[in-house]
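Protein chains in written order, with my numbering: chain A, 8 to 181; chain B, 22 to 337. Yeah, the Cβ is synthetic: ideal placement off N, Cα and C, and Gly gets one too. The structure displayed is predicted, hence computed values, not measured ones.
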Amino acid sequence: MIWLKTLGVACIIAGFGSYGLMGARSIEKRVEQIKNARLAMGFLEKEITYLQNPLSVALKRTAQLTAQPVQVLFAESSRHLQDRQGITMGEAWEKALQKLRTMSDLKEDDLEILQAVSAQLGSSGIEEQKKFFQLIQEELMIQEEKARSLMESGRKLWSYGGFILGTTVVLLLL
Amino acid sequence: MGLSSQEIMHNTIIPFLAPNLKNLFMNLNPYHFDNLEEIRLRCGQPLLLKMGDQEWTVNQRGDLEKDLQAGYMVQEEDIFRTLLSISDNSLYAFEEEIRRGFITIPGGHRVGLAGQVLMERGDVKTIKDFSSLSFRVAREIKDCSLPLLRHIYHHSLPGNTLLISAPRCGKTTILRDLARNISMGNRWGPACSLSVIDERSELAGCYRGRVQMDLGPRTDVLDACPKALGMMMAIRALGPQVIITDEIGRQEDIAALQECINAGVAVITSVHARDVGEAQKRPMLQEVLASGAFRTVITLSRRQGPGTVEEIVRWD
């Protein structure tokens, strides 16, 4: 009987511990994904303001240089634009953002910054686009800093918290 | 012949229209596309199709209609979505084109733009709040210039030639075909290297730097380049035997044309006028015509359809 109890205790602690580690990993990934989105915006800015490539091409090229899952945002919106179904940039971006929402570790605050892109991207001259990209990159940088500071404390909390919670549950059950 | 009218519409124009308009055109009998010259979208006004000398609208069922009130009323949304589509959602990439008042789409079709014009230091800065779009259907009619070639060539080389016609009489289509035939060589003379100065992106129909029309294998195109500047650039850098350009008329164009002729480069160009007499009334042209710079002058009209040759004057 004792071996069964030991197995149960091990399972509970391992389960809670794994959940905690996953939470910690998610916090780390969020920071990485915000950083990727910021770098991708920088690349897209050059595609638009320097090379003046049309958006479908600029987004596709940005997607090629961006890591998953943020890549989805650029690849999907480029695909929607290339389909020529009368879709606007805003609509294509919104659809791609919905897909990113399900795949990424980004929080609603982060996605809201990316959502603001839909109304502005491609709809004005070069100078206005430059200003807009600077603003978006600054906002993403601030968001990245916030996420990084949360990561430092949150990572430990989630990593140890999972095991501690698991142990507490075991003690209560005993 | 190049693409058929139906292929032109289905491949290069309909995909750029807003979904509502796209549906209307998909329901329209493709037979009607044969004579279609212009599509006009004006906000709050009926959709207009210009076919030859007649104007039609399209009703909700997708039939042609003479009664404009029964036609499909173009919405602001249609203009907005069509504009985004022709600019690939990238207005920043078409700033210069918007300043000039038109965007050329793949296939060489020119889309004229109207809206609120913003000025800066006396120049057009941009256009905003677009209120109407005008699609001008570009067609390549291969070998339409063949009957004119023997009048243009002198001792197996093209001579300086002026095409005179009112707007929409086929000048550009003929100039485009002349470029192709001269560049390829023909029964009247060997192939020549050629420069096309295409200030309004109509002759070559360049879309993002790529020539959309067949101008032959020995043709260099200076797209969106002012004619006078382009002629001098071509002489210096491209070494053409022949220069083709459209619609001369400014003082600097005439001066550059004289420079080309003095440099031994043949120039084939066009001018807006109904006939030679009317062209001679324009002081700048009067001088150049009197100097005998043009060895051949060809007058075109629409009497029997675009490209009808009314008169050929040749000074040998």
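> Given a threshold of 16 other Cβ atoms within 10 Å of its Cβ, counted over all protein chains shown, does V158 (chain B) qualify as buried or as exposed?
Replying inline: Burial state of V158 (chain B) is buried, judged by a 10 Å Cβ sphere holding 16 or more other Cβ atoms.
> Does S85 (chain A) come within less than 8 Å of chain B when only Cβ atoms are used?
Replying inline: no
> Exposed or buried, what is E145 (chain A) when buried is set at 16 or more other beta-carbons lying within 10 Å of its beta-carbon?
Replying inline: exposed
>> Measuring straight from C-alpha to C-alpha, what distance separates E134 (chain A) and D117 (chain A)?
In response: 25 Å
> On the premise that I265 (chain B) lies in contact with V309 (chain B), defined as a C-beta separation below 8 Å, what is that separation, rounded to the nearest angstrom?
Replying inline: Going by Cβ atoms, the distance from V309 (chain B) to I265 (chain B) rounds to 17 Å, so no, they are not a contact pair.
>> Whether or not the region 45 to 57 of chain A and the region 44 to 56 of chain B are in contact is what I'm after, with contact meaning three or more pairs of Cβ atoms, one per stretch, closer than 8 Å; do they touch?
In response: In this structure the region 44 to 56 of chain B does not lie against the region 45 to 57 of chain A, because fewer than three pairs of beta carbons, one per stretch, are closer than 8 Å.
> Residues of chain A with a CB under 8 Å from the CB of T33 (chain B): which are they?
Replying inline: Per Cβ cutoff of 8 Å: no residues; T33 (chain B) is ~11 Å from chain A at best.
> Three or more beta-carbon pairs under 8 Å between the region 151 to 168 of chain B and the region 246 to 259 of chain B, yes or no?
Replying inline: no
> What residues in its chain sit with their C-beta under 6 Å from that of S33 (chain A), if we drop five residues either side in the sequence?
Replying inline: D112
> Closest Cβ-Cβ distance between P36 (chain B) and chain A: below 8 Å?
Replying inline: yes
>> Comparing C-alpha positions only, which one of A:Q75, A:S160 and A:G93 sits nearest to K42 (chain A)?
In response: A:Q75
> Looking at R121 (chain B) and T147 (chain B), is the spacing between their C-beta atoms short of 8 Å?
Replying inline: no
>> Among A:T95, A:D90 and A:M158, whose alpha-carbon lies nearest the alpha-carbon of T103 (chain B)?
In response: Considering only alpha carbons, the answer is A:T95.
> Residues in its own chain within less than 7 Å of E101 (chain A) by CB, not counting five upstream and five downstream?
Replying inline: Annotation for E101 (chain A): S125 place their beta carbon closer than 7 Å to its own, counting only its chain and skipping 5 residues before and after.
> At a Cβ cut of 9 Å, what residues of the region 112 to 127 of chain A count as close to chain B, listed as they run along the chain?
Replying inline: none
>> So if I threshold CB-CB distances at 9 Å, which residues from the region 80 to 114 of chain B count as touching chain A?
In response: F101, R102, T103, L105, S106, S108, D109, N110, S111, L112, Y113 and A114
> Y174 (chain B): buried (16+ other C-beta within 10 angstroms of its C-beta) or exposed?
Replying inline: buried
> For L51 (chain A), does the count of other Cβ atoms within 10 angstroms reach 16, so buried, or fall short, so exposed?
Replying inline: buried
> What is the rounded straight-line gap between the Cα of E35 (chain A) and the Cα of Y167 (chain A)?
Replying inline: So the alpha carbons of these two residues sit roughly 15 Å apart.
> Under the three-state reduction of DSSP, which class applies to V297 (chain B): helix, strand or coil?
Replying inline: helix
>> Check whether chain B comes within 8 Å of S131 (chain A), counting only Cβ atoms and requiring the distance to be less than that.
In response: In terms of beta-carbon proximity, S131 (chain A) lines the interface with chain B, with at least one pair separated by less than 8 Å.
> Would you report the Cα separation of A277 (chain B) and L104 (chain A), rounded to the nearest angstrom?
Replying inline: 55 Å
> Taking DSSP as the reference, what is the three-state secondary structure of D204 (chain B)?
Replying inline: Contrary to the premise, residue 204 (chain B) reads as Ser rather than Asp in this sequence. Of the three classes helix, strand and coil, the one that applies to S204 (chain B) here is helix, per DSSP.
> Buried or exposed: where does M8 (chain A) fall if 16 or more other Cβ atoms within 10 Å of its Cβ makes it buried?
Replying inline: exposed
>> Can you look up K43 (chain B) in the DSSP assignment and give me helix, strand or coil?
In response: helix
> Should T69 (chain A) be flagged as near chain C, meaning a C-beta pair shorter than 8 Å?
Replying inline: Looking at the structure shown, chain C is missing, and the protein chains on hand are A and B.
>> When you compare the CB positions of Q262 (chain B) and C227 (chain B), do they come within less than 8 Å of one another, or not?
In response: no
> If the cut is a Cβ gap below 7 Å, which residues of chain B does I55 (chain A) touch?
Replying inline: Y113
> Going by Cα to Cα distance, which pick from A:L88, A:S130, A:A123 and A:T175 is closest to E116 (chain B)?
Replying inline: A:S130
> By DSSP, does M234 (chain B) sit in helix, in strand, or in coil?
Replying inline: coil
>> In the DSSP output, which residue or residues are listed as bridge partners for V326 (chain B)?
In response: Looking at the sequence provided, one finds Gly at residue 326 (chain B) rather than Val. For G326 (chain B), which the question treats as bridged, DSSP gives the partners B:R324.
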